[in-house]
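Here the structure is laid out as structure tokens; the discussion comes afterwards.
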Amino acid sequence: MSLFWRIFGLNALVLGAATALLLWAPVTVSVPVVLTEAVILLAGLAVMLVANAALLRIGLAPLERLSRLMSTVDLLRPGQRLPVPDQSGVAELIRTFNAMLERLETERATSSARVLSAQEAERRRIAAELHDEVGQSLTAVLLGLKRAADQAPEPLREDLRQAQEITRESLDEVRRLARRLRPGVLEDLGLIAALTSLATDFAAHTGLRVVRRLENGLPPLDRESELVLYRVAQEGLTNIARHAEAGSAVLALRRTGGGVVLEITDDGRGIGPAREGAGIRGMRERALLLGATLDLTALPEGGTRLRLTVPTARPEPDGPPPPAAPSSPPENRKNA
């Protein structure tokens, strides 16, 4: 029975009972109204109102749950579904809404995969241009300044050496940016070496103490899984430096029953009730590509824990594979 007929039926039942009482019961209304008669009428009205309220509460409860889910649903946290009642006028509506959520989650995952794939390709292109063009130009300028400083008189030599030092610092910064955009050590030496280099570089530039707990003997991971793990670790450490006001952080990577767990903890002020920013949502989008789970929780003793659980066995994506990285000459040991 649909919701309309259930509400209509109960109202008809209550009104019919009231009409029958007025027609056949020996109850009359005096003029002026006697106190006993007024009490009976008010009691009947109260019974009618309570019965209607109870039916509406029961009948419209699935709609209220649906409304709450519609206002709080987040496609970056898949799996939010409403149970379909066995006998309810809104069962078909809830089934349609659940199907719509599933379709939207699939479309969001596919579009995110394409966007992130294009983003990684663009990062590789910019990193190659920084390394091959800007880096080589700064190197040529550095060599020219060195030759000029060696031949210049003493008053001018000091200025040229200062310009040479500034150029060297700029060259190091360009190389650091290129490494962040395109982690060549990840492609050349693997995930453990890349995370070690990332933690060392982060500690050197922020002054925070980073404790590494990286296990060897991890299960085989494809290139996409390693890249997601590296990018999430990169973004997690960056968020600690920007917002946590922490003194130390722990970067851990370990094997679990069904995959690999990346965990980053800090001793900062915690996440609090603030709304998630673009960095955290970007990490959630990357986790969706692998069917992974990303949890961000505040620690009881203070600080924040970020945990990414990546399954080793996952279904093949429906979208096209990410474009291959453009070939570029390997960086030397100093640049890595």
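Under full-length UniProt numbering, the residues of the sequence shown are numbered 1 to 336, in order. The beta carbon of each residue, even a glycine, is placed where N, CA and C say it ideally should be. Here the structure is a predicted model, which is why all the values come from computation and not from measurement.
CA-to-CA distance, residue j to residue i, given in whole angstroms
i           : j           : result
residue 307 : residue 210 : 16 Å
residue 83  : residue 192 : 43 Å
residue 96  : residue 81  : 11 Å
residue 227 : residue 304 : 23 Å
residue 149 : residue 172 : 20 Å
residue 338 : residue 312 : Residue 338 cannot be examined here, being either before or after the span of the chain that is shown, 1 to 336.
residue 114 : residue 121 : 11 Å
residue 259 : residue 130 : 36 Å
residue 43  : residue 101 : 46 Å
residue 104 : residue 94  : 15 Å
residue 319 : residue 118 : Reliability fails at residue 319, whose pLDDT of 45 lies under 50, so the model's placement of it is uncertain and the value that follows must be treated cautiously. Approximately 13 Å, taken between the alpha carbons.
residue 21  : residue 35  : 19 Å
Closest residue to residue i among the options (Cα-Cα distance)
i           : options         : result
residue 52  : 36, 114, 13, 66 : 13
residue 263 : 257, 237, 11    : 237
residue 60  : 7, 48, 41       : 7
Cβ-based burial, residue i [other Cβ within 10 Å; buried from 16]
i           : result
residue 62  : buried
residue 302 : exposed
residue 202 : buried
residue 315 : Caution is warranted here: a pLDDT of 48 is assigned to residue 315, below 50, making its placement in the model unreliable, and the coordinate value is therefore given only provisionally. Result: exposed.
residue 267 : buried
residue 334 : Only weak support is given to the placement of residue 334: the predicted model assigns it a pLDDT of 36, under 50, and the value that follows is read from those uncertain coordinates. Its Cβ having fewer than 16 others within 10 Å, residue 334 is exposed.
residue 292 : buried
residue 265 : buried
residue 175 : buried
residue 127 : buried
Cβ pair residue i, residue j closer than 7 Å
i           : j           : result
residue 195 : residue 177 : no
residue 255 : residue 229 : no
residue 189 : residue 163 : no
residue 298 : residue 277 : no
residue 241 : residue 206 : yes
residue 294 : residue 310 : no
residue 235 : residue 279 : yes
residue 55  : residue 10  : yes
residue 180 : residue 199 : no
residue 395 : residue 152 : Outside the modelled stretch of the chain, which goes from 1 to 336, sits residue 395, for which no answer is possible.
Is there contact between the region 101 to 110 and the region 163 to 171, where contact requires at least three CB pairs shorter than 8 Å?
Not touching, per the Cβ criterion.
With contact counted as at least three CB pairs below 8 Å, one residue from each stretch, are the region 183 to 199 and the region 138 to 147 in contact?
Too few Cβ pairs lie closer than 8 Å, so no.
Could you tell me whether the region 62 to 72 touches the region 243 to 258, using the rule of 3 or more Cβ pairs below 8 Å?
The answer is no - the region 243 to 258 does not touch the region 62 to 72, with fewer than three Cβ pairs under 8 Å.
If you pair each beta-carbon of the region 282 to 297 with each one of the region 230 to 237, do three or more pairs fall below 8 Å?
Counting Cβ pairs under 8 Å, three or more are found: they touch.
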